[in-house]
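S.K.:
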Amino acid sequence: GAAHPRVLVLLYVPLVVIAALCAALRMDDLRLPRATYPLRKLVARRHTWLVSLLYIGTFGSFIGFSFAFGQVLQV
8 GAAHPRVLVL LYVPLVVIAA LCAALRMDDL RLPRATYPLR KLVARRHTWL
58 VSLLYIGTFG SFIGFSFAFG QVLQV
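To convert a position in the sequence shown, counted from 1, into the numbering used here, add 7.
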């Protein structure tokens, strides 16, 4: 791993390519998603957007505080 990182690349790139090929060739039986009317109705509500912004702000603050706490511990 750390001593020879090129070995990991030689190991994982073929596996990723094989997985992508299998997915492209074998996943053709999935149903296509369709837009539903209740989802459009939900997005049109102001309350949904406010809760989404509150969630983004809270989670973003948590990530920022977590990073800052690690920096404070290093001092």
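Ideal Cβ placement from N, Cα and C applies to all residues, glycine included.
1. Excluding the 5 residues flanking TYR19 on each side, which residues of the same chain have their C-beta closer than 8 Å to its C-beta?
2. Counting only runs that start and end within the region 14 to 71, where is the alpha helix (DSSP H) found for 4 or more residues in a row?
3. Could you have a look at ALA2 and say whether DSSP puts it in helix, strand or coil?
4. With DSSP run on the structure shown, which of helix, strand or coil describes VAL79?
M.R.: Per the coordinate set shown:
1. Residues of the same chain with a CB within less than 8 Å of the CB of TYR19, apart from the 5 flanking positions on each side, do not exist.
2. Counting only runs of 4 or more, we get 44 to 50.
3. Shown here, the chain extends from 8 to 82; a query on residue 2 therefore has no answer.
4. Helix, per DSSP.
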